[in-house]
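A short worksheet on the structure shown next.
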Amino acid sequence: MKPSFKDIVDLKRRHASALPLFALGSPFLGSAAQAQNNASAGVVERLVGSVSAGSDAGSMRSLRQGGSIAEGELVQTGDSSDVVFKMSDGAVIALRPRSAMRLQNYQFTSQQPTQNQVWLQLLQGGLRTITGLIGKTTPSQVRFTTSTATIGIRGTDFEIEQVEAGNAQASEGTYLKVREGETTLTNSQGSSIPVLANQTAFSPQNLLATANAFGLLNNVPPVFRVGSFDNLLTNLQNEGVQRLQQEINRRLPGQLQNVVPNLRNIFGR
Numbered sequence: 192m193k194p195s196f197k198d199i200v201d202l203k204r205r206h207a208s209a210l211p212l213f214a215l216g217s218p219f220l221g222s223a224a225q226a227q228n229n230a231s232a233g234v235v236e237r238l239v240g241s242v243s244a245g246s247d248a249g250s251m252r253s254l255r256q257g258g259s260i261a262e263g264e265l266v267q268t269g270d271s272s273d274v275v276f277k278m279s280d281g282a283v284i285a286l287r288p289r290s291a292m293r294l295q296n297y298q299f300t301s302q303q304p305t306q307n308q309v310w311l312q313l314l315q316g317g318l319r320t321i322t323g324l325i326g327k328t329t330p331s332q333v334r335f336t337t338s339t340a341t342i343g344i345r346g347t348d349f350e351i352e353q354v355e356a357g358n359a360q361a362s363e364g365t366y367l368k369v370r371e372g373e374t375t376l377t378n379s380q381g382s383s384i385p386v387l388a389n390q391t392a393f394s395p396q397n398l399l400a401t402a403n404a405f406g407l408l409n410n411v412p413p414v415f416r417v418g419s420f421d422n423l424l425t426n427l428q429n430e431g432v433q434r435l436q437q438e439i440n441r442r443l444p445g446q447l448q449n450v451v452p453n454l455r456n457i458f459g460r
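The working numbering puts the sequence shown at residues 192 to 460.
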């Protein structure tokens, strides 16, 4: 019997959380417990189709435009469904159809930037993200993980696709495409490669059987999908940057506002 979407997501969640700790880095060792705080992480900016969010222990709820997602929650999209989230640090995340992710850790405060952290697990399907203020100011505090790989970032616009077994056009595993900036792709054995703008890399599901497949791709299979709202992502991220700039300026004494660098310059967009 073919496994259900929920069965696949549960299996991927167990595999993803089994990644070695060296792949996640020490700032994330306590993230699973911290996720129980359910701090607000982002809001739905655009949505089409069926999208739901919730915890393992509670029932899933349907999301609507303007609805919020919390740290620690699982988010799922149905067939022919797309959603874009604007995150608390100005990042945008576009989750593709029939996909699932968990916001294992998402903490942002402009007053204590050293405490900011992002750990997002892609359990199924794909996503595209343009990172926010955390990714620009403390990129070592940002991680995206799948069942086969960990992705570190530096001021980046990138896409991830988790391909399942049985795909006629692509091998099973994690595909990473970088549009802007740079990333580091680390497999479950701890091997890492840099992935720069306009490059695509692959981390196979069965690393022992296909060890030579890990690395950059010259011929990219057609695994990446265009989202319903991809043309809006850059503008949405810019709006988030402007909002953060205004909030920080309101909190700063007047004489300091001219000293603090404009966030638009930090983002380089």
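Just so it is clear, CB atoms sit at the ideal spot from N, CA and C, and this is done for glycine as well.
Integer-rounded CB distance, given that residue j should sit under 8 Å from residue i
{"i": "G257", "j": "V235", "result": "6 Å"}
{"i": "L254", "j": "S243", "result": "6 Å"}
{"i": "L427", "j": "K327", "result": "Rounded, the Cβ-Cβ distance is 16 Å, inconsistent with contact."}
{"i": "A388", "j": "L367", "result": "At roughly 12 Å, the Cβ-Cβ gap does not stay under 8 Å, so A388 and L367 are not in contact."}
Whole-angstrom distance between residue j and residue i, CA atom to CA atom
{"i": "R319", "j": "P330", "result": "17 Å"}
{"i": "L423", "j": "L238", "result": "12 Å"}
{"i": "V417", "j": "S272", "result": "12 Å"}
{"i": "G281", "j": "F420", "result": "17 Å"}
{"i": "A214", "j": "Q332", "result": "Below a pLDDT of 50, predicted positions are generally treated as unreliable, and A214, at 44, falls in that range; the measurement from the model is reported next regardless. Those two C-alpha atoms are separated by around 13 Å."}
{"i": "N309", "j": "E350", "result": "The question names Asn, but residue 309 in the sequence shown is Val. V309 and E350: Cα-Cα distance of roughly 16 Å."}
{"i": "V266", "j": "N403", "result": "33 Å"}
{"i": "T300", "j": "R434", "result": "14 Å"}
{"i": "R467", "j": "M292", "result": "Residue coverage of the chain in this structure runs from 192 to 460, which leaves residue 467 outside it and unanswerable."}
{"i": "T365", "j": "N410", "result": "15 Å"}
{"i": "Y297", "j": "N358", "result": "32 Å"}
{"i": "L398", "j": "S241", "result": "34 Å"}
{"i": "L376", "j": "N307", "result": "21 Å"}
{"i": "N136", "j": "V354", "result": "Since the displayed the chain opens at 192 and closes at 460, residue 136 lies outside it and no answer follows."}
{"i": "P412", "j": "T425", "result": "25 Å"}
{"i": "V283", "j": "G381", "result": "28 Å"}
{"i": "P385", "j": "I321", "result": "18 Å"}
{"i": "L324", "j": "I260", "result": "18 Å"}
{"i": "S250", "j": "Q302", "result": "34 Å"}
{"i": "L294", "j": "E262", "result": "5 Å"}
{"i": "E430", "j": "G233", "result": "14 Å"}
Same chain, Cβ closer than 6 Å to residue i, five either side skipped, listed in chain order
{"i": "G372", "result": "R345, G346 and T347"}
{"i": "Q539", "result": "Residue 539 cannot be examined here, being either before or after the span of the chain that is shown, 192 to 460."}
Residue i, DSSP secondary structure in three states
{"i": "A226", "result": "Because the pLDDT at A226 is just 38, under 50, the model does not fix this residue reliably, and the point stays unresolved."}
{"i": "T365", "result": "strand"}
{"i": "Q428", "result": "helix"}
{"i": "S272", "result": "coil"}
{"i": "T347", "result": "strand"}
{"i": "R338", "result": "The residue you asked about is not Arg; residue 338 is Ser in the sequence shown. Coil at S338, not helix or strand."}
{"i": "R237", "result": "strand"}
{"i": "L461", "result": "The chain is shown only over 192 to 460; residue 461 falls outside these bounds and no answer can be derived."}
{"i": "N403", "result": "helix"}
{"i": "R416", "result": "coil"}
{"i": "G245", "result": "strand"}
{"i": "N440", "result": "helix"}
{"i": "L324", "result": "helix"}
{"i": "Q306", "result": "helix"}
{"i": "L423", "result": "helix"}
{"i": "V411", "result": "coil"}
Beta-carbon proximity list for residue i, same chain, < 7 Å, skipping 5 on both sides
{"i": "F335", "result": "L311, L313, I342 and I351"}
{"i": "R441", "result": "none"}
{"i": "A356", "result": "E363"}
{"i": "V414", "result": "E352, V354, A361 and Y366"}
{"i": "Q390", "result": "V369 and L407"}
Residue from the options with nearest C-alpha to residue i
{"i": "T401", "options": "S362, Y366 and D270", "result": "S362"}
{"i": "R289", "options": "D270, I260, Q390 and L399", "result": "D270"}
{"i": "T268", "options": "S279, F393, R287 and N429", "result": "R287"}
{"i": "S338", "options": "V414, R370 and Q315", "result": "Q315"}
{"i": "G406", "options": "F415, Q303 and S394", "result": "S394"}
Residue i beta carbon near the ligand NAD (any heavy atom closer than 6 Å)
{"i": "T391", "result": "The model on display carries no ligand, and the ligand NAD is accordingly not part of it."}
Sequence-distant residues of its chain with Cβ nearer than 8 Å to residue i (five each side left out)
{"i": "S383", "result": "T375, L376 and T377"}
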